[in-house]
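Each residue of the sequence shown is one higher than the one before, counting from 1 in full-length UniProt numbering.
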Amino acid sequence: MSGFLLYGHPDSGHACKVALALRLAGQAHETKRIDIWAPRETRDAAFLAASPAAEVPCLMIDGAPHVQSGAILLDLGERLTGLGGNNAAGMRRAREVLFWEANRIGMCLPQLIEARRTGAAPLPPGAVAWLEGRFAVDRDRFDLLLGDAPFFHGDAPGIADCAVWGYVQWVEKAGQTPSAAMAAWLTRMRDLPVETRPEALFPA
C-alpha cells in the first residue's frame, strides 16, 4: 500500500502528536481508529501485523510500519516541510524538546490522567503527590524552553510543539494548573488553522 496510513485513538496523546504533525505538514493521509481499550485479540489484524506490541501510534508509509511517537516525529521532521526540522538547528531543537518531553512532562501527565480515570487501578500511596511534584518542576521547565517565542520552533509550530501537545493538551484533565505561558501556548495551538481535537483527528 502506498501513501500514509495512521493507526491511532483519540485517548492516546502519543497518537495525537503524530496526527497533528501530519496536519501541520499538509500531508495527505488516512487514519484508522484502533480501540485501545478493547482486548488485544479483537484489534484489527493488519494493525497487529504492523505493530506487534499492539500500540498506537503506528504510521504506515508506503507499506512500511513506523512506531514510537518520538521516532515517528523525528522522521517526519526530516521527511516533510513545515515541521521545523528542515535544517540542522531545527532538528537539534526538536531532539532537545522531544527527549525532555518523553522523560518528563510526557511521563507524569498521562499517569495523573490515568489516576483520575473512573475504574482505573489505584496508584501506590504517595504516587500522585510525587507525580504532581514532578509536574510542578516540568511546568517551570516548559516556560524556560518556550521562552518568549510563541512556539517551541519560534514563530511557527513544529514537531517539538506536536510532541508537547500530546499530553499537555489535557493538563486540566490531569487535575493540574498550567502556567500563564503554558495556557497562552495552548490557546495558540488550539487556534491553529488545522484540526487539533482528538475526536476529529481519529473519528469513529
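Ideal Cβ positions, reconstructed from N, Cα and C, are used throughout, including at glycine.
No experiment lies behind these values; they were computed from the predicted model shown.
By the criterion of at least three beta-carbon pairs nearer than 8 angstroms, the segment 29-45 is in contact with the segment 8-17. Bridge pairing for residue 60: 5, 65 [DSSP].
Here DSSP, grouped into helix, strand and coil, assigns residue 104 to coil. In the three-state reduction of the DSSP assignment, residue 55 falls in the coil class, being assigned neither a helical nor a strand state. Pairing residue 70 with residue 3, the inter-Cα distance amounts to about 20 angstroms.
The beta carbon of residue 135 sits closer than 8 angstroms to those of 105, 108, 109, 112, 174, 176, all from its chain and outside the five residues before and after it, given in chain order. Taking the C-beta atoms as reference points, residue 158 is found nearer than 8 angstroms to residue 90. Rounded to the nearest angstrom, the Cβ distance from residue 49 to residue 58 is 10 angstroms, too far for a contact under 8 angstroms. An exposed status is given to residue 99, since fewer than 16 other beta-carbon atoms sit within 10 Å of its beta-carbon. In the three-state reduction of the DSSP assignment, residue 202 falls in the coil class, being assigned neither a helical nor a strand state.
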